[in-house]
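Here's the structure, in structure tokens; my notes come after.
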Amino acid sequence: MFLLDEKANDIISKIEFAKETITKIKSPDNVLETYIEPLVSWLDILRNRVEQAKANFKDFVCDTNFTQHGYLHEAPQRRLLAVILRDFEDIERRVYISVDTFLPLVFVWNSQRSRAETKRQHKLLMRFVADLLQLCHMSKSMMAIIGEDYACLPLEWGKVRKHVVFGTYSEVQNLRKWALLAHELGHVYYYQNCERINSHITPQVIRKLNENRPINLDQRDFESIIYTWTQHWIPEFVSDCFAAKTLGPAFITQFMLAALDSQPNRVEPTHPPPNLRLKFMMNILDALCLSDIDVNSYRNMWQSYAHTISRPSSLFIVHEEVVRTALSGIDTIVTEKPIENKWADVLEAKKALCLGSIPDQDLISVISALAIAEPNLDYSLLYKALLKRYASNSYVS
Numbered sequence: 032m033f034l035l036d037e038k039a040n041d042i043i044s045k046i047e048f049a050k051e052t053i054t055k056i057k058s059p060d061n062v063l064e065t066y067i068e069p070l071v072s073w074l075d076i077l078r079n080r081v082e083q084a085k086a087n088f089k090d091f092v093c094d095t096n097f098t099q100h101g102y103l104h105e106a107p108q109r110r111l112l113a114v115i116l117r118d119f120e121d122i123e124r125r126v127y128i129s130v131d132t133f134l135p136l137v138f139v140w141n142s143q144r145s146r147a148e149t150k151r152q153h154k155l156l157m158r159f160v161a162d163l164l165q166l167c168h169m170s171k172s173m174m175a176i177i178g179e180d181y182a183c184l185p186l187e188w189g190k191v192r193k194h195v196v197f198g199t200y201s202e203v204q205n206l207r208k209w210a211l212l213a214h215e216l217g218h219v220y221y222y223q224n225c226e227r228i229n230s231h232i233t234p235q236v237i238r239k240l241n242e243n244r245p246i247n248l249d250q251r252d253f254e255s256i257i258y259t260w261t262q263h264w265i266p267e268f269v270s271d272c273f274a275a276k277t278l279g280p281a282f283i284t285q286f287m288l289a290a291l292d293s294q295p296n297r298v299e300p301t302h303p304p305p306n307l308r309l310k311f312m313m314n315i316l317d318a319l320c321l322s323d324i325d326v327n328s329y330r331n332m333w334q335s336y337a338h339t340i341s342r343p344s345s346l347f348i349v350h351e352e353v354v355r356t357a358l359s360g361i362d363t364i365v366t367e368k369p370i371e372n373k374w375a376d377v378l379e380a381k382k383a384l385c386l387g388s389i390p391d392q393d394l395i396s397v398i399s400a401l402a403i404a405e406p407n408l409d410y411s412l413l414y415k416a417l418l419k420r421y422a423s424n425s426y427v428s
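Shown next as structure tokens:
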């Protein structure tokens, strides 16, 4: 048997395992059901793709007399084999996301919803995510899981796009940190608007990179910079913009706490430097003109650390014109500013917290207030009060 036939059989085995596993899930809840139905249909499509890829390889073997005892010399045959292998790669990648990555999360989801130790925490987390989605006029249901870090997992099953967002297990009772979930929902916003972003912003960024490209920059390095900007940095900046316009100072404050380290100008392939991200968010906060907010105090707070230990980067990837083009384009696309209508409630909740009282405001306002306030009460008391209010057996949403 050819190696590629064995590979195809392995992929089919994974798909069949996934389908059998899904059929054993008893009475999925309303949220989980919206994931399982499109997944089953997608697995059938992937199974058909594997069968077609196997048939294509069989035809290739017949047409070229390909054996595993030597290699082909003619360029057209080599290119055709490469195309077949790339098809298998794409199928395998999609199976990995659908089966190996997502399917175990189903059992984590069911466990956190049902176990006595986690079900109330999980219910409160789900309520917060649902309220954020409603505030931003986004999809009504989304899986949220208490995991190892704040993250967003995109799932693409044919024409169906779904997401799973994660909170951090060690911070599940530290409600201030929940403001960071706004950034993860920003990734959902990016995927929902990626066509518009890719047609309006990406070409402008690439053009600016070309215009300012250093003469001695290797082509491979230049292409790597383009990839970093288009595949990673633009989505991150979009998510930051979304989060800043959704929760305002609450998100920015908690982001500063999360990003504070000894390398504020650190360049990573997956994330822009914290300094750049915060400069962008401060400008957004300035433009929001929220009452009782001194934006310069936020700037000074961050710069007292960042500017003390670092200097602006001179790397080409953070060229000023490129950054300005990207951020101005993103700012014009992310137009909604939910924080403007929520801010008065946040301030009222903040007053109550500072007086040592449990606020009467909605969950988003209370958590946002907690993220920017220094409350005169024990955090655990507030957490227990919100669990009772939103996650008790008697609570009806």
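In the numbering used here, the protein residues as written are 32 to 428.
Cβ atoms here follow ideal geometry from the backbone N, Cα and C, with glycine treated the same way.
This structure is a prediction, so every number in the text was calculated from the model and none was measured.
Cα-Cα separation, residue i to residue j
i           : j           : result
residue 250 : residue 152 : 50 Å
residue 416 : residue 333 : 32 Å
residue 103 : residue 177 : 51 Å
residue 423 : residue 304 : 41 Å
residue 370 : residue 183 : 22 Å
residue 406 : residue 285 : 15 Å
residue 63  : residue 45  : 21 Å
residue 319 : residue 410 : 29 Å
residue 57  : residue 158 : 23 Å
residue 161 : residue 83  : 41 Å
residue 372 : residue 254 : 42 Å
residue 91  : residue 72  : 29 Å
residue 389 : residue 181 : 26 Å
residue 140 : residue 175 : 8 Å
Whole-Å CB distance - residue i paired with residue j, under 8 Å assumed
i           : j           : result
residue 136 : residue 195 : 6 Å
residue 289 : residue 283 : Actually they do not touch by this definition, with Cβ atoms about 11 Å apart.
residue 271 : residue 308 : 5 Å
residue 383 : residue 396 : Contact doesn't hold; Cβ gap of about 10 Å is too wide.
residue 144 : residue 60  : 7 Å
residue 66  : residue 193 : 6 Å
residue 349 : residue 298 : 7 Å
residue 387 : residue 408 : 5 Å
residue 167 : residue 216 : 7 Å
Helix, strand or coil at residue i according to DSSP, with G and I counted as helix
i           : result
residue 259 : helix
residue 338 : helix
residue 350 : coil
residue 371 : helix
residue 121 : helix
residue 280 : helix
residue 217 : helix
residue 320 : coil
residue 226 : helix
residue 101 : coil
residue 428 : Low confidence applies here, because residue 428 scores a pLDDT of 46, under 50, leaving its location unreliable; read the following figure in that light. Residue 428: coil per DSSP, three-state reduction.
residue 325 : coil
residue 86  : helix
residue 246 : coil
residue 393 : coil
residue 234 : helix
residue 108 : helix
residue 454 : There is no way to answer for residue 454, as the model of the chain reaches only from 32 to 428.
residue 32  : coil
residue 308 : helix
residue 429 : Here the chain has residues from 32 to 428 only, and residue 429 is not among them.
residue 413 : helix
residue 126 : helix
residue 387 : coil
Residue i, buried or exposed, once every other Cβ within 10 Å from all chains shown has been counted against 16
i           : result
residue 40  : exposed
residue 34  : exposed
residue 356 : buried
residue 392 : buried
residue 258 : exposed
residue 76  : exposed
residue 428 : Caution is warranted here: a pLDDT of 46 is assigned to residue 428, below 50, making its placement in the model unreliable, and the coordinate value is therefore given only provisionally. It counts as exposed.
residue 49  : buried
Residue i at chain B interface by Cβ criterion, 8 Å
i           : result
residue 369 : Absent here is chain B; the protein component of the structure consists of one chain.
Residue i CB to nearest heavy atom of the ligand SAH below 7 Å
i           : result
residue 155 : The model depicted lacks the ligand SAH and carries no ligand whatsoever.
What runs of the alpha helix (DSSP H), each 4 residues or longer, lie entirely inside the region 139–210?
Runs of the alpha helix (DSSP H) lying entirely within the region 139–210 and spanning at least 4 residues, in chain order: 150–166.
Threshold first: 3 residues or longer. Then list the beta strand (DSSP E) segments lying entirely within the region 53–83, N to C.
With a minimum length of 3 residues, there is no unbroken run of beta strand (DSSP E) contained wholly in the region 53–83.
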